[in-house]
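Numbering (our numbering), first residue to last: 278 to 524.
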Ligand code: PGA
């Protein structure tokens with residue numbers, strides 16, 4: 278297994294933020310120095326270009342929250358990976374559970390989006406995770422394994438995986454450290470089977486109710502290489518409190 282990759286702490290702002298939110302980004306940029314992790318903010322698409330501009334010259338990068346699989350065309354309301362790249366994003370989240378639920382996205386569609394990210398030169402952050410009933414039925418690894426099989430892009434390349442138990446997103450609930458460790462070890466094994474030695478150095482993020490008070494416990498688990506943070510990423514102080522685990 279490869280050495281520990283540099284951690285990544287990515288903030289998923291979801292459908293939050295208005296023009297004044299750039300002030301929060303400025304605070305994140307200011308507080309990023311001295312943190313031994315890559316920091317990324319994934320704001321709504323309306324902010325990508327202005328956030329890229331504001332973050333220029335800093336260590337904070339900007340990512341999108343979703344992309345269409347096609348590079349252009351008659352898809353009203355959608356954003357292509359190429360457009361995110363053109364606006365200066367370096368990464369895009371695909372397969373977030375809110376997309377899988379709200380927009381009925383399948384593993385095949387997530388795979389196509391991950392391939393689109395690659396085509397455009399973006400790092401895909403591919404999200405997987407079980408529902409509460411699936412965990413209670415002891416099916417977590419089956420579900421996560423199936424999602425990985427169906428969603429991951431062909432060839433390792435630039436890729437990040439985020440394990441986000443659906444029942445932990447926005448609820449304040451988190452799995453035990455042992456449960457997170459078990460799933461991350463399983464994902465690491467799947468990545469090895471799929472990508473060979475390259476799978477050992479891909480970053481596997483944990484996401485779901487990460488906050489400053491639980492970040493240390495969650496981010497020091499073996500095979501947890503950072504976090505995908507929702508609610509707590511909207512406040513610079515909280516986001517930096519989480520990333521500060523890597524100080
Ligand atoms: P949360 O969201 O941190 O608000 O639980 C995580 C996510 O959906 O990425």
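Ideal Cβ positions, reconstructed from N, Cα and C, are used throughout, including at glycine.
Assigned with DSSP and collapsed to three states, residue 338 falls in strand. CA-CA distance, residue 307 to residue 316, rounds to 12 Å. Inclusion of residue 402 and residue 443 in the CB contact set at 8 Å is not warranted, their separation being larger than that value. With respect to residue 372, residue 339 sits apart: the two C-beta atoms are not nearer than 8 Å. If the five residues before and after residue 394 are omitted, its C-beta is found closer than 6 Å to the C-beta atoms of 358, 369 and 401, all from its own chain and listed in chain order. A distance filter of 6 Å between CB atoms and the heavy atoms of the ligand PGA selects the following residues in sequence order: 289, 441, 446, 447, 484, 485, 486, 487, 505, 506, 507, 508 and 509. The straight-line gap separating the alpha-carbon atoms of residue 285 and residue 507 is approximately 14 Å.
If you check the CB distance, residue 343 and residue 376 come in under 8 Å.
Separation of residue 465 and residue 397 (C-alpha to C-alpha, rounded to the nearest whole angstrom) is 26 Å. No Cβ-Cβ contact shorter than 8 Å links residue 453 with residue 445.
In its chain, beyond the 5 residues on either side, 344, 346 and 371 have a beta carbon closer than 6 Å to the beta carbon of residue 390. For residue 464, there is no enclosing beta strand (DSSP E); the residue is found in the alpha helix (DSSP H) stretching over 454-472. Taking C-beta separations shorter than 6 Å and ignoring five residues to either side along the sequence, the partners of residue 326 in its chain run 364, following chain order.
Secondary structure at residue 503: strand, using DSSP grouped into helix, strand and coil.
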